[in-house]
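Chemist:
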Ligand SMILES: O=C(O)CCC(=O)C(=O)O
Ligand SMILES: [Fe+2]
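Numbering (UniProt numbering), first residue to last: 1 to 410.
#1: List in chain order: all unbroken beta strand (DSSP E) runs of 3+ residues lying wholly within the stretch 207-264.
#2: According to DSSP, is residue 74 part of a helix, a strand, or is it coil?
#3: So the beta strand (DSSP E) residue 121 belongs to, where does it begin and stop?
#4: For residue 193, which residues does DSSP report across the bridge?
#5: Hey, does residue 167 have any beta-carbon neighbour from chain B nearer than 9 Å?
#6: Bridge partners of residue 57, per DSSP?
#7: Closer than 8 Å to a non-hydrogen atom of ligand 1 - does that hold for the CB of residue 257?
#8: Shortest alpha-carbon distance to residue 347 belongs to which of 355, 325, 397, 317?
#9: Quick check: the Cα distance between residue 270 and residue 254, rounded to an integer number of angstroms?
#10: Can you list, in chain order, the stretches of the alpha helix (DSSP H) that have 4 or more residues and sit fully within the stretch 263-315?
#11: Quick one: is residue 78 buried, meaning 16 or more other Cβ sit within 10 Å of its Cβ, or exposed?
#12: Opposite residue 177 in the DSSP bridges: which residues?
#13: For residue 151, which residues does DSSP report across the bridge?
#14: Can you give me the C-alpha to C-alpha distance between residue 393 and residue 382, rounded to a whole angstrom?
#15: Who's in the neighbourhood of ligand 2, going by beta-carbon under 6 Å from any heavy atom, listed in chain order?
#16: Residue 40 bridges to which residues according to DSSP?
#17: Quick check on residue 220: buried or exposed, where buried means 16 or more other Cβ atoms within 10 Å of its Cβ?
#18: Taking the CB atoms as reference points, tell me whether residue 169 and residue 344 lie closer together than 9 Å.
#19: Of all the alpha helix (DSSP H) runs that stay within the bounds of the stretch 334-404, which reach a length of 4 or more residues?
#20: Verify the contact flag: residue 220, CB atom, against every heavy atom of ligand 1, threshold strictly below 8 Å.
#21: For residue 156, which residues does DSSP report across the bridge?
#22: Please tell me whether, using a cut-off of 8 Å, the distance from the CB of residue 192 to the nearest non-hydrogen atom of ligand 1 is below it.
#23: Distance check for residue 38 and residue 185, CA to CA, integer angstroms please.
#24: Consider the C-beta atom of residue 188 and the heavy atoms of ligand 3; say whether any pair is separated by less than 8 Å.
#25: Would a C-beta distance cut-off of 9 Å place residue 330 and residue 341 closer than the cut-off?
#26: Can you tell me whether residue 50 is buried or exposed, with buried defined as 16 or more other CB within 10 angstroms of its CB?
#27: Should the stretch 140-160 be regarded as contacting the stretch 198-214, the criterion being three or more beta carbon pairs within less than 8 Å?
#28: Please determine if the stretch 68-84 and the stretch 187-204 are in contact, where contact requires at least 3 C-beta pairs separated by less than 8 Å.
#29: Can you grab the Cα-Cα spacing for the pair residue 74 / residue 370, in whole Å?
#30: Hey, would you say the C-beta of residue 112 is under 8 Å away from at least one heavy atom of ligand 1?
#31: Alpha helix (DSSP H) containing residue 114: first to last residue?
#32: Tell whether a beta-carbon distance below 9 Å holds between residue 243 and residue 201.
#33: Our contact map puts residue 182 next to residue 69 with C-beta atoms below 8 Å; I'd like the distance itself, whole angstroms only.
#34: When the Cβ atoms of the stretch 121-137 are set against those of the stretch 85-101, are three or more pairs found closer than 8 Å?
#35: Whole angstroms is fine: what's the gap from residue 29's alpha carbon to residue 327's?
#36: Output yes or no for whether 9 Å exceeds the beta carbon distance between residue 127 and residue 292.
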């Protein structure tokens, strides 16, 4: 383990790219592990992950595997883009697009591309390399039964804009993502900025306040102690999904911007199904951490109903499918039910609101009983229902806005 790593700049020294952030000399003490640490002292690395919400591991995946995968990604991405462009405009093209790419979170920006990966040889080679190095650390946090929920490549190109600071999940649930650099990542290539030890209520609230104050992105990065994940090819970092972080902005080509490819692999504990996945449909629900570690074979547990409903819900355009998946999760005591009910609720599904109200009422799935929240949801559900009735009777025009979504549910 090396303290103050050579390739990770210190906290508040976030700089470069389109972030326009100043460089400062302030350095946050950080830990940087190498692959031997991750194998021989996995409990200590996992402990660091628990307290800091992230950890960096150098040489986690052999460079040759990363280069092979980077070449594969470039070719497959070009082929996918061509395939989408050649398909019939409209719904067919959108469906084709969704079969390769995840919907962009910040669609209005010049954003990164999230390209889902098939389980081809180049991918399994990198995945097995990653699990050989980091599997024991991951086992501490998600067990060998930890489910694969993202297998994608995050791609950003010159002039890509920075992302706003965010966490990938709220504090009520968690998953763990491993990012592997498929080439070196410099400041100009818009590295990921991680804010260690911000996976808690205090820092999430602080970010809310800063956003309301409309502080600049640079100021927020500085205040939250952001660390740019500068990497050599094959370096990796593991991140708790509750941690505050963001993708950096890229400089233009003549200022050092270059394609950045990050392999992006997420695992979650069974019973905490995330509110989204970034997987090709044919991979959903099929893989666990223990399938890649070369250890004792896990008994098969593929669940077709779960996978089919997860795929349908993840298309994100059908509130009924979202509610159906949420109900299945609820029946099985899976906390993920809350995220999917909330999604259906945001899409204006009255029944989803009623179910969610019930969960808050009874304090189900480990959710703390909250009568106030339950009541807001019930009232909102009634308002949605009333609107649907009026629409059916023609006494309200479809152009009239929906009732405002209650803030708590939001
Ligand atoms: O581009 C990156 O480095 C991180 C992207 C990210 O955090 C996200 O899309 O949620
Ligand atoms: Fe993120």
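Note that CB positions come from ideal geometry on N, CA and C, so glycine has one too.
Modeler: Reading off the structure:
#1: Whole beta strand (DSSP E) segments, 3+ residues: 236-240, 245-247.
#2: Residue 74: helix per DSSP, three-state reduction.
#3: Segment 121-142 is the alpha helix (DSSP H) holding residue 121; no beta strand (DSSP E) there.
#4: Answer by DSSP bridge pairing, in chain order: 228, 246.
#5: Of the protein chains in the structure, only one exists, and it is not chain B.
#6: For residue 57, which the question treats as bridged, DSSP gives the partners 33, 236.
#7: With a cut-off of 8 Å, the C-beta of residue 257 is classified as distant from ligand 1, since no heavy atom of the ligand falls inside that distance.
#8: The shortest Cα separation from residue 347 among 355, 325, 397, 317 belongs to 317.
#9: Their Cα atoms are separated by approximately 46 Å.
#10: DSSP assignment within the stretch 263-315 yields the following whole alpha helix (DSSP H) runs of 4 residues or more, N-terminal first: 304-314.
#11: When all chains shown are included, residue 78 counts as exposed.
#12: When DSSP reads this structure, residue 177 sits in a beta bridge with 239, 266.
#13: Note: residue 151 is bridge-paired with 265 in the DSSP secondary-structure output.
#14: Looking at the two C-alpha atoms, the distance is approximately 16 Å.
#15: Each of 166, 168, 245 has a C-beta closer than 6 Å to some heavy atom of ligand 2; these make up the full list, in chain order.
#16: DSSP output for residue 40 lists no bridge partner at all.
#17: Buried, since its Cβ has 16 or more Cβ neighbours within 10 Å.
#18: Judged by beta-carbon spacing, residue 344 lies beyond the 9 Å limit of residue 169, meaning their Cβ atoms are not closer than that value.
#19: Residue ranges of uninterrupted alpha helix (DSSP H) with 4 or more members, entirely inside the stretch 334-404 and ordered along the chain, are 336-346, 350-362, 371-393.
#20: When distances are taken from the beta-carbon of residue 220 to the heavy atoms of ligand 1, even the shortest one reaches 8 Å or more.
#21: Its beta-bridge partners are 260.
#22: Result yes, Cβ under 8 Å from ligand 1.
#23: Taking the straight line joining both Cα atoms gives about 21 Å.
#24: Only ligand 1 and ligand 2 can be found as ligands here, which leaves ligand 3 out of the picture.
#25: Yes, the Cβ-Cβ distance between residue 330 and residue 341 is below 9 Å.
#26: Result: exposed.
#27: Remark: fewer than three beta-carbon pairs, one from each stretch, lie closer than 8 Å, so the stretch 140-160 and the stretch 198-214 are not flagged as touching.
#28: Cβ pair count under 8 Å is below three, so no.
#29: Taking the straight line from one Cα to the other gives about 49 Å.
#30: Yes - ligand 1 has a heavy atom lying nearer than 8 Å to the Cβ of residue 112.
#31: No alpha helix (DSSP H) contains residue 114, which is instead part of the beta strand (DSSP E) from 113-116.
#32: At the C-beta level, residue 243 and residue 201 stay beyond 9 Å of one another.
#33: The C-beta separation of residue 182 from residue 69 comes to about 6 Å, placing the pair in contact by the 8 Å criterion.
#34: By the Cβ rule, the stretch 121-137 does not count as touching the stretch 85-101, because fewer than three pairs are nearer than 8 Å.
#35: Confidence is the limiting factor: at residue 29 the pLDDT is only 35, short of 50, which leaves the residue's position unreliable, though a coordinate-based value still follows. Between residue 29 and residue 327, the alpha-carbon positions lie close to 45 Å from each other.
#36: Remark: C-beta atoms of residue 127 and residue 292 approach each other more closely than 9 Å.
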